[in-house]
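Residue numbers (my numbering): 112 to 266. No residue lacks a Cβ here, since even glycine has one placed at the ideal position from N, Cα and C.
Structure (structure tokens):
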């Protein structure tokens, strides 16, 4: 009996695979639990269309990531931060702060999890931050931390 797996089945195959197996295993275990469907011509055609649609979505996502990378490649992100005595930052600059600074400057919205920041930035200066927009698309973004202008006058 041939079936199309609807979910990953250990020691049998991954989702979407067409596998040949015994009649009893298919009819008594896989089909009643919804783990597989029979490999009829209609189901095979539907599987082919789903795979084609998934490939198109993946290609579109990669193209969008490449366009975003081209837009961000020439950009430098400047983040004003509060600094105490000795040039130490109050707190730290995280991936979330970098993402917010990009969108506040009129740039695109980027998920904070796309930034591969090994640890938060804790000093003033210029930093190279790797960004992975897609499994095949990554870039290095320049982040500059500058001292925030004080709104208070010294007495």
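The shortest CA-to-CA distance from residue 158 to any of 128, 197, 223 is the one to 128. Residue burial annotation: residue 137 is buried, with at least 16 other C-beta atoms found within 10 angstroms of its C-beta. Residue state for residue 230 is assigned as coil, using DSSP reduced to three classes. Shown here, residue 258 sits in a strand according to DSSP, grouped into three states. When DSSP states are grouped into helix, strand and coil, residue 191 belongs to the strand group. Judged by pairs of C-beta atoms under 8 Å, the segment 210–219 does not touch the segment 143–158, as fewer than three such pairs exist. With fewer than 16 other Cβ atoms from the protein chains shown falling within 10 Å of its own Cβ, residue 165 counts as exposed. If you keep only unbroken alpha helix (DSSP H) runs of at least 4 residues inside the segment 120–194, you get 152–184. Judged by beta-carbon spacing, residue 259 lies within the 9 Å limit of residue 192, meaning their Cβ atoms are closer than that value. With respect to residue 182, residue 219 sits close: the two C-beta atoms are nearer than 9 Å. Inter-segment contact for the segment 202–210 and the segment 223–237 is present: three or more beta-carbon pairs are separated by less than 8 Å.
Classified as exposed, residue 189 has fewer than 16 neighbouring CB atoms from the shown chains inside 10 Å of its CB. The closest CA to that of residue 144, considering only 125, 118, 160, 123, is found on 118. Taking all protein chains in view, the Cβ of residue 174 is surrounded by fewer than 16 other Cβ atoms within 10 Å, so the residue is classified as exposed.
With fewer than 16 other beta carbons inside 10 angstroms of its own, residue 170 counts as exposed.
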